[in-house]
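Undergrad:
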Amino acid sequence: PPLQTQQQPKPAKVYIVGCSLGAAIATLAYAFVLEELFPYLQDPDFVSHKLINVTAGSPRVGDKHFRQRIMDKMNQLRPLDRAVIGRLVYSQDLVPHIPVHLAGFV
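Our numbering numbers the first residue of the sequence shown as 143 and each following residue consecutively.
Okay, here's the thing in structure tokens:
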């Protein structure tokens, strides 16, 4: 039989989502997955998988260093359309506004 060529895997969208406390956990999970897959996601020749994080009513997660690390990676992946973060906040909901900025959370 002829040699079978290895098929390129189909691109996948990986959604990491949550609401309220689950949104905080989803944010941490997204940060972990982004960190682990970053070397592959930044390679234009790698299968164009896409990480998507959507949270609703999440409390603040991480300090300014955490935020900067995530944003640096997101800015590198933006031209490749490999990662997205969407955060839904209702202005009257207390949860997204705690802990307060004074505690170092962003």
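For each residue, glycine too, the CB sits at the ideal point set by N, CA and C.
Which same chain residues, not among the five before or five after P186, have their C-beta less than 8 Å away from its C-beta?
TA: So the qualifying residues of the chain are L222.
Undergrad: Is it the case that the segment 205–213 contacts the segment 233–242, given that we only count it when at least three CB pairs across the two stretches are under 8 Å?
TA: The segment 233–242 is not in contact with the segment 205–213.
Undergrad: Counting only runs of 4+ residues fully inside the segment 158–195, write out the alpha helix (DSSP H) ranges in chain order.
TA: Fully enclosed alpha helix (DSSP H) runs of 4 or longer: 163–183.
Undergrad: Excluding sequence positions up to five away, which residues of its chain have a Cβ less than 7 Å from the Cβ of L170?
TA: Around L170: V203.
Undergrad: Taking the C-alpha atoms as reference points, what is the distance between A198 and S162?
TA: Their Cα atoms are separated by approximately 6 Å.
Undergrad: Give me the Cα-Cα distance between Q210 and N217, rounded to the nearest whole angstrom.
TA: So the alpha carbons of these two residues sit roughly 10 Å apart.
Undergrad: From the DSSP output, in three-state form, read off K206 for me.
TA: DSSP places K206 in helix when its eight states are reduced to three.
Undergrad: Rounding to the nearest angstrom, what Cα-Cα distance links V231 and S200 in this structure?
TA: So the alpha carbons of these two residues sit roughly 8 Å apart.
Undergrad: Could you tell me if Y157 is buried or exposed, where buried requires 16 or more neighbouring beta carbons within 10 angstroms of its beta carbon?
TA: Its Cβ having fewer than 16 others within 10 Å, Y157 is exposed.
Undergrad: Using only alpha-carbon positions, find the residue among V226, P181, P151 and Q150 that is nearest to K192.
TA: If we check each option's Cα against that of K192, V226 comes out closest.
Undergrad: Any idea what DSSP makes of R220, helix, strand or coil?
TA: Helix, per DSSP.
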